[in-house]
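Residues in the sequence shown are numbered consecutively from 184, following this note's numbering.
Where is the CB? At the ideal position from N, CA and C, for every residue including glycine.
Just below is one structure, and these are the notes that go with it.
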Amino acid sequence: RPEVYLGSADWMPRNFFKRIETVFPVEDGNIRDRLINEVLELSLEDNVKARNMRSDGSYVRALPEKKSKLIRSQASFMGLSQRSNRDRFSKRSKQRGRYSTMTVKKKP
């Protein structure tokens, strides 16, 4: 089983000395699988806004291969979120009437 950790996007040595940076393991298998198979995979497929880091630390735009489908990860993530919310709330509003409600689970 792969280990997945989440933390700050500022995980850089220059930030280690004047503030606290925290990472934590993702222990829920469903969330871990979604992060690997959906979030990471889609991010690595981005060929519109992605940049590749060179060995000297500089970045160069990742160019799509000829005739390849253009994939912009951030737009795809927004679409996933919108579809998920639309599906979730349309089912609830049909069941309960005009207004949607959301149930928040209590911590164990």
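Alpha-carbon to alpha-carbon, residue j and residue i
i, j, result
"E248", "S256", "16 angstroms"
"N213", "E186", "13 angstroms"
"G262", "E204", "31 angstroms"
"L223", "F260", "11 angstroms"
"R237", "S264", "32 angstroms"
"R234", "Y242", "6 angstroms"
Check: residue i C-beta below 7 angstroms from any heavy atom of the ligand ATP
i, result
"R255", "For the structure depicted, the ligand ATP is absent and the ligand set is empty, with no information on it obtainable."
For residue i: DSSP bridge partner residues
i, result
"P208", "Y188"
"N235", "V243"
7 angstroms Cβ shell around residue i - same chain, five flanking residues per side excluded
i, result
"D229", "I254, R255, S256"
Contacts around residue i, its chain only, beta-carbon distance under 6 angstroms, and the 5 residues preceding and following it disregarded
i, result
"V206", "Y188, G190"
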